[in-house]
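Using the working numbering, the letters of the sequence shown map in sequence onto residues 1 to 380.
Beta carbons are placed, not taken as given, at the ideal position from N, Cα and C, and that holds for glycine.
To start, the structure under review is shown below, and the notes come after it.
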Amino acid sequence: MYRRVAEDAVTDDVLAPERSRVRSGKVRFSILSRELSALIVLAAVLGAGVIWGGQGGQKDVEASRGFPAHETLLESMIFTSDGQSLASCGWDKQVKIWDLRSKQPPWRRELFAIKQDWHVFDVTMTPDDSLLASGGAGGLSVWEADGEGGWTQVGEERGVSRRCVAASPDGRTLASGGGDGSVRLWDVETRKEVPLASKIPDEPRAIAFSSDNRMLAVATFGGAFRMWDLKAEGGPRPVPLDLDSVQSFAFPPGGRLVALARSGDKARGIVVFDYVSGSEVLRLSDNSTGTSAMAVSADGKTLAAADRERTVRLWDLATGLLKQTFRNEGGWIQTVCFSRDGRQLAFGGKSGYLYLRTVDAEGRFVETTPPSQPARDGMS
């Protein structure tokens with residue numbers, strides 16, 4: 001049994017409130033008027049973007065698979081393990097799960113919509129897709145797949161905003177960063193908090209586990225970067241690192257390395273850092289201004305970096321060379337993520353639209369025949 005938590009309570013046992021349930025449902029479409037159909041076609045054209053090769057050569061224009069996911073800012077998203085579905089969240093106070101198997105407009109089918117009482121900043125899922133957690137302005141919520149096509153709420157913590165959430169690659173631990181500077185860990189199996197005797201200097205913007213489950217890292221809005229060794233003898237221990245001005249980060253698989261986007265006067269650019277030796281091992285760019293999100297493909301070969309200039313860049317993590325640049329026409333980008341097999345890249349942000357791009361085995365965007373009316377560069 002899960003005990004009920006009072007609405008305004010804050011508890012160490014976050015996975016223990018009253019259960020509520022969300023059932024799956026199909027989206028029903030009414031017959032479209034001729035005028036509305038024309039508007040949809042126009043939106044599809046404006047949703048296109050321009051692909052640029054790593055050497056600056058313009059490639060074909062491809063109509064991105066984009067669709068309106070949230071009414072306003074799209075904050076975060078994550079693919080399910082098979083890449084056929086994706087969970088997203090935004091400032092419209094909703095977490096949504098999408099079926100992405102359609103290869104034709106409208107590109108998706110809404111499977112679930114979980115309404116929250118607050119703006120939702122981040123969403124994560126365990127690798128087996130059994131648990132979903134969201135962090136927002138009012139707290140943290142945890143949902144469990146019920147095996148019948150629905151989701152059951154199994155945990156909630158209210159009182160402190162939870163800016164970011166993450167599930168460990170082994171699915172055993174859930175982490176969150178709070179607006180009060182707290183970083184908290186919970187054991188998924190026991191539903192109990194794991195002590196982490198440390199705080200961060202200001203509000204967190206991102207949190208993530210390393211692929212070997214050993215490291216937990218947090219970046220803050222003030223540029224601070226903190227890391228803990230979760231497997232250290234005696235319990236989690238801070239890792240001494242001299243890093244600041246960090247805008248975004250991502251862990252490549254294999255351990256030891258973390259990719260950082262830094263914007264300080266003394267340290268600027270996108271680099272790959274060895275946190276064991278404390279040294280920079282690869283520099284991808286000398287300019288990371290505006291980098292809002294990064295993600296690494298599961299094979300560790302490709303880094304996707306998105307920015308507030310509406311651009312996604314794909315980097316080769318073996319050579320440090322720029323593979324491709326894609327300029328999105330849907331406003332600045334807040335979040336980016338790869339599917340588990342690395343063959344899909346999703347991104348979104350200001351407009352509330354969610355965009356999907358296919359990635360080939362070489363870590364490049366798949367190009368298609370350009371539409372008859374290419375999108376104009378610079379549209380927002």
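- Look at L140 here: in three-state DSSP terms it is strand.
- If you draw a straight line from the Cα of F249 to the Cα of R163, it comes to about 16 Å.
- Q153 is bridged by DSSP to W143.
- The segment 167-177 and the segment 126-133 touch, with no fewer than 3 CB-CB distances between them shorter than 8 Å.
- A check of alpha carbon separations from D99 across K93, D92, G179 and S85 identifies S85 as the nearest.
- Going by beta carbons, E110 and G90 fall outside the 9 Å limit.
- Pairing R184 with A346, the inter-Cα distance amounts to about 28 Å.
- In the structure shown, the three-state DSSP call for S292 is strand.
- Close CB contacts of G223 within its chain, under the 6 Å cut and outside five residues either way in sequence, are with D244, S245 and V246 (chain order).
- Secondary structure in the segment 206-290: the beta strand (DSSP E) runs of 3 residues or longer, each lying completely within the stretch, are 215-220, 225-229, 246-250, 257-263, 268-274 and 279-285 in chain order.
- Within the same chain, R308, R310, G349 and K350 come within 6 Å of W332 by CB-CB distance, once the 5 residues on both sides are set aside.
- Assignment of G177 by DSSP, reduced to helix, strand and coil, places it in the strand class.
- Taking a C-beta distance under 9 Å as the contact criterion, V188 and L131 qualify as a contact pair.
- Y353 and Q344 have their alpha carbons spaced roughly 16 Å apart.
- In the displayed model, R184 falls within a strand according to three-state DSSP.
- Under the criterion of beta carbons closer than 8 Å, V160 and G179 qualify as touching, at roughly 6 Å.
- Between A133 and S176, the CB-CB gap stays under 9 Å.
- Rounded to whole angstroms, the separation of the alpha carbons of A261 and L216 is 17 Å.
- The secondary-structure analysis by DSSP pairs D316 across a beta bridge with T302.
- Between R226 and S198, the C-beta spacing is below 9 Å.
- Distance from the CA atom of V276 to the CA atom of W228, rounded to whole angstroms, is 12 Å.
- In the DSSP assignment, W98 is bridged to L86 and E110.
- Note: R158 is bridge-paired with G139 in the DSSP secondary-structure output.
- Nearest to T319 by alpha-carbon distance, out of E233, F79 and S285, is S285.
- Shown here, P204 sits in a strand according to DSSP, grouped into three states.
- The DSSP-derived three-state label of Q334 is strand.
- In this structure, the CA atom of S292 is about 14 Å from the CA atom of L73.
- As the crow flies, the alpha-carbon of F338 is around 35 Å from that of G234.
- Cα atoms of M77 and G83: separation of roughly 12 Å, rounded to the nearest angstrom.
- Note: G66 is bridge-paired with Y355 in the DSSP secondary-structure output.
- In the DSSP secondary-structure assignment, K115 is bridged to Q94.
- Judged by DSSP in its simplified three-state form, L132 adopts strand.
- Collapsing the DSSP output to three states places A361 in coil.
- In the structure shown, G349 falls within a strand segment according to DSSP collapsed to helix, strand and coil.
- Distance from the CA atom of G150 to the CA atom of R108, rounded to whole angstroms, is 18 Å.
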